[in-house]
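*Asks:* Here my numbering is used: the first residue of the sequence shown is 101, the next is one more, and so on. Glycine is no exception: its CB is placed at the ideal position from the N, C-alpha and C atoms.
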Amino acid sequence: MMPQILVPIVVPAIAGGLCFLVPRRVRFVREFIALVALVWAFVASARLFGLWPVSYAVDWMVFGDLKILFELLLTQFSAFIIVFVTLFGLAIGLYSVGWLGTKVNGHDGRRYYAFLLWTVGAACGAALSNSLLVLLIFWEALTAILFVYANLGAKKDEASAGAAKSFVMLGLSDAALFISVAYIWVTYGTVSMDKLSIFVGDPATTAVYLLMVVAAITKAGAVPFHTWIPAVAKGAPTPMMALLPAAIDKLLGIYLLARISLDIFSIGSGLSLILMIIGAVTIVGAVLMALVQHDLKVLLAYHAVSQVGYMILGIGTGIPIAIAGGLFHMLNNAVYKSLLFLNAGAIEKQAGTTDIEKLGGLARAMPVTFITCAVAALAISGVPPMNGFVSKWMVYAGLVEMGEAGFHAYWIFLVAALFGSALTLASFVKVLYSGFLGQKPTAFAHVREANWAMLLPMVFLAAMCVFFGVWPKYPIDTFINPIVSGAIGTGRALGAVDLSSFGFWNASTATGLLVLGILVGLLIVSVGHLTKRRIGRVFIGGEKVTNLDAMHVPGTGFYNTIRDVKGLHGLLENAEARVFDIYEVGGRIGNVFVQGLRGIHNGTLSTYLAWCVIGLGAVVFALLSALLRQLVSTPQ
101 MMPQILVPIV
111 VPAIAGGLCF
121 LVPRRVRFVR
131 EFIALVALVW
141 AFVASARLFG
151 LWPVSYAVDW
161 MVFGDLKILF
171 ELLLTQFSAF
181 IIVFVTLFGL
191 AIGLYSVGWL
201 GTKVNGHDGR
211 RYYAFLLWTV
221 GAACGAALSN
231 SLLVLLIFWE
241 ALTAILFVYA
251 NLGAKKDEAS
261 AGAAKSFVML
271 GLSDAALFIS
281 VAYIWVTYGT
291 VSMDKLSIFV
301 GDPATTAVYL
311 LMVVAAITKA
321 GAVPFHTWIP
331 AVAKGAPTPM
341 MALLPAAIDK
351 LLGIYLLARI
361 SLDIFSIGSG
371 LSLILMIIGA
381 VTIVGAVLMA
391 LVQHDLKVLL
401 AYHAVSQVGY
411 MILGIGTGIP
421 IAIAGGLFHM
431 LNNAVYKSLL
441 FLNAGAIEKQ
451 AGTTDIEKLG
461 GLARAMPVTF
471 ITCAVAALAI
481 SGVPPMNGFV
491 SKWMVYAGLV
501 EMGEAGFHAY
511 WIFLVAALFG
521 SALTLASFVK
531 VLYSGFLGQK
541 PTAFAHVREA
551 NWAMLLPMVF
561 LAAMCVFFGV
571 WPKYPIDTFI
581 NPIVSGAIGT
591 GRALGAVDLS
601 SFGFWNASTA
611 TGLLVLGILV
621 GLLIVSVGHL
631 TKRRIGRVFI
641 GGEKVTNLDA
651 MHVPGTGFYN
661 TIRDVKGLHG
671 LLENAEARVF
681 DIYEVGGRIG
691 NVFVQGLRGI
701 HNGTLSTYLA
711 WCVIGLGAVV
721 FALLSALLRQ
731 LVSTPQ
């Protein structure tokens, strides 16, 4: 009988293979296999939750006396991760049944469902790995799956370009992880995470830690290693964006960052400050880029980047309430960000575009999509009583506690976090107005609400946003406090987080008052409708308007003025020109190197002979030098 800890890994892996083998003409079998496997994996993960610690180890590769173990360990943290990885996988799987239909990009859904299932299985494997080597293998598998998965997008050129960029950036960060794992193995003789406790006090350990940070924040999508996410968003299937960059990549990236920063390594205030700076820059920089985007999916991609900043900022403080806030925000962000991408997918499927300037007036045609999108927009903006407010408030409280402890620069990070929330709200005002309010273009007269398979996951995720905001004590006590108070992985305990001791509001009472205020407002509006009003046709300058499309005012125009703000114009212009894009910078440096090599290889025989002579001379010189040193060192 298969050990229970293997079920979330093996079942999706096998089911993905079955989906790939099902003939193209056979309908609904792939969907059935995928949903059954995802339900099975979720139920198994839920049963494992609370049973920690559970370990599993078997000899994987044996080279003489050297044994490499396939080693898994269920901890509080990994149990939490796999529960929500499988839950998001199930939600996206159900959504995909309605979004995908029978064809995607001219093909059936064989590869689509296979890659979805393999993504869930590999993510569970990465979270459950106790061996850094096993973690590295699952980590690499996710990079490869993302590359192929993103290529399934309908926009071939954009999909392939985004997939290639993600593969290069994530591949290089995986190489950084490989180097650090190899150093740890050679230096400490083990790659078992529960046996590692490394004090960062010299250049070598500092470099190893920073290499692992690069791997973690590239996967999560933090500045400056974030640009693969907007690139992928342009052409990848929208449900894939909801599953990987919005949810699973955030969960795994922050999971690894928390494990190395709070468990495996003991870091000082200098490295913690670096994390806080990365978090603050990510919050503000990415949200400024989101404000000026006109494509809904790209806008959401930049917000997915911005929200990572709150998680990194919370972990960087080293304060229990802020760490708990960062981990809770990791979960909250996965919920509302997945929901927002599902909303975008519904709009894309029903209206045929995600260009914000072309959208408008869809609230009546797509009321469920509109309401769930509004809930997610309030949540990501940190507006009470949604879940985003709670986790951000916890990060704010941790920053204030740092100030009380003597860290005088805390206000800089607090202002950055608050400023980021304000700009996020402004950005989603644009999204809600441009997409759902205002004048509805005549081209969208045929638009109707999405099907039930797409609506059900959206309603479920919206309900999670409300539930985690109104009753935050339940998810924090169930999922977050066992991690923070017990141990991040298996090591240092930080102490339980008592919400009442941090000026926490009474969520239930506040929610009741907010609902009461809304009801009073609706009552006033209803009374106003009882009065007689004159309804006339729209006119401009005395001329009646007959072409309503001419009256369409997109919500993007006002936000274009941000480009003209002194100090931001050049910054945004350079950012859009990808001046700060590490991928592009690396490409330019590589191109200089390539051009130099091309100059050397000019096709002239005499040039090649000269290089051969120079190379031969260098080899002879090296050999003579070695021989001379040998003669000098030999006793007479």
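For the putative contact between L525 and F513, defined by C-beta atoms under 8 Å, what is the C-beta separation to the nearest angstrom?
*Replies:* No, L525 and F513 are not in contact; Cβ-Cβ is about 19 Å, not under 8 Å.
*Asks:* Please report the distance separating the alpha-carbon of K319 from that of I700.
*Replies:* Looking at the two C-alpha atoms, the distance is approximately 38 Å.
*Asks:* Just to confirm the assignment, what range does the alpha helix (DSSP H) spanning R210 have?
*Replies:* Note, R210: alpha helix (DSSP H), 210-228.
*Asks:* Over what stretch of residues does the alpha helix (DSSP H) that includes H403 continue unbroken?
*Replies:* First-last of the alpha helix (DSSP H) with H403: 396-417.
*Asks:* Go through its chain and collect everything with a Cβ distance to F568's Cβ below 6 Å, but skip five positions before and after it.
*Replies:* Answer for F568: N487, P575, listed in chain order.
*Asks:* Can you give me the Cβ contacts of P330 inside the same chain, cut-off strictly under 7 Å, excluding the 5 residues immediately before and after it?
*Replies:* Counting only Cβ-Cβ distances below 7 Å, and skipping sequence neighbours, we find V398, A401, Y402.
*Asks:* Under the DSSP definition of a beta bridge, which residues are partnered with Y156?
*Replies:* According to DSSP, Y156 bridges with L172.
*Asks:* I believe A322 touches I412 by the beta-carbon criterion, under 8 Å. Please report the beta-carbon distance rounded to the nearest angstrom.
*Replies:* So it is a contact: roughly 6 Å between Cβ atoms.
*Asks:* State the CB to CB distance for the pair A347 and A434, rounded to an integer number of angstroms; the pair is presumed to be in contact (CB under 8 Å).
*Replies:* Right, their Cβ atoms sit about 4 Å apart.
*Asks:* Within the continuous alpha helix (DSSP H) that includes I105, where are the two ends?
*Replies:* No alpha helix (DSSP H) holds I105; DSSP gives it neither H nor E.
*Asks:* Indicate the three-state DSSP secondary structure (helix, strand or coil) for I618 in the structure shown.
*Replies:* Helix, per DSSP.
*Asks:* Taking buried to mean at least 16 other C-beta atoms within 10 Å of its own C-beta, is E171 buried or exposed?
*Replies:* So E171 ends up on the buried side.
*Asks:* Can you grab the Cα-Cα spacing for the pair K540 / L352, in whole Å?
*Replies:* Distance between the alpha carbons of K540 and L352 is about 40 Å.
*Asks:* Three or more C-beta pairs under 8 Å: does that hold for the stretch 220-232 against the stretch 287-302?
*Replies:* The stretch 220-232, when compared against the stretch 287-302, does touch it at the 8 Å Cβ threshold.
*Asks:* Answer with buried or exposed for F142, where buried requires no fewer than 16 other C-beta atoms within 10 angstroms of its C-beta.
*Replies:* Buried is the call here.
*Asks:* Taking all protein chains shown into account, do 16 or more other C-beta atoms lie within 10 angstroms of the C-beta of Y708, making it buried, or fewer, making it exposed?
*Replies:* Its Cβ having fewer than 16 others within 10 Å, Y708 is exposed.
*Asks:* Quickly, what does DSSP pair S231 with across the bridge? List them, please.
*Replies:* S231 pairs with S292.
*Asks:* Can you list, in chain order, the residues of its chain whose CB lies under 8 Å from that of N443, leaving out five sequence neighbours each side?
*Replies:* Result list for N443: T469, T472, C473, A476, M558, in chain order.
*Asks:* In chain order, which alpha helix (DSSP H) runs of at least 4 residues are fully inside the stretch 313-378?
*Replies:* Counting only runs of 4 or more, we get 328-333, 338-343, 349-359.
*Asks:* Pick helix, strand or coil for F560, following the three-state DSSP scheme.
*Replies:* The answer is helix: DSSP assigns F560 an H, G or I state.
*Asks:* Measuring only the C-alpha atoms, how far is A223 from W239?
*Replies:* Rounded to the nearest angstrom, the two C-alpha atoms are 8 Å apart.
*Asks:* Just how far apart, CA to CA, sit W493 and E501?
*Replies:* Each residue's alpha carbon lies about 12 Å from the other.
*Asks:* Can you list, in chain order, the residues of its chain with a C-beta nearer than 8 Å to that of V566? Leave out the 5 residues immediately preceding and following it.
*Replies:* Same-chain partners within the cutoff: V475, P485, M486, N487.
*Asks:* Give, in chain order, every unbroken run of the alpha helix (DSSP H) that is at least 4 residues long and sits entirely within the stretch 696-734.
*Replies:* DSSP runs (the alpha helix (DSSP H)) wholly in the stretch 696-734: 705-733.
*Asks:* Flag this pair as yes or no: are the beta carbons of R130 and V122 separated by less than 8 Å?
*Replies:* Contact flag set, yes.
*Asks:* Mind checking which residues open and close the alpha helix (DSSP H) that includes N443?
*Replies:* Here the alpha helix (DSSP H) through N443 covers 420-451.
*Asks:* Span of the alpha helix (DSSP H) holding E504?
*Replies:* Looking at the DSSP string, the run of the alpha helix (DSSP H) that includes E504 is 487-504.
*Asks:* What is the DSSP secondary structure of D455, counted as helix, strand or coil?
*Replies:* D455: strand per DSSP, three-state reduction.
*Asks:* Tell me, please, which residues DSSP counts as bridged to I298.
*Replies:* According to DSSP, which records beta bridges pairwise, I298 is partnered with F365.
*Asks:* Verify whether the separation of the beta carbon atoms of R210 and R124 is less than 8 Å.
*Replies:* Closer than 8 Å, so yes.
*Asks:* Closer than 8 Å is the cut-off here; do at least three beta carbon pairs connect the stretch 241-255 with the stretch 212-221?
*Replies:* Verdict: yes, contact present.
*Asks:* Report the rounded CA-to-CA distance for I383 versus V408, giving the unit in angstroms.
*Replies:* Cα-Cα distance, rounded: 7 Å.
*Asks:* Within a Cβ cutoff of 7 Å, which residues of the same chain sit near K449, ignoring the five residues on either side of it in sequence?
*Replies:* Once the five neighbours on either side are set aside, the close Cβ partners of K449 are W199, A550.
*Asks:* Got a sec? Which residues, its chain only, sit under 8 Å from V110 by beta carbon, not counting five neighbours each side?
*Replies:* Hits under 8 Å: M102, G221.
*Asks:* How about G535 and L427: are their beta carbons less than 8 Å apart?
*Replies:* Not a contact, by the Cβ cut-off of 8 Å.
*Asks:* If you measure between the beta carbons of A517 and Y496, is that distance less than 8 Å?
*Replies:* In this structure, Y496 lies closer than 8 Å to A517 by Cβ.
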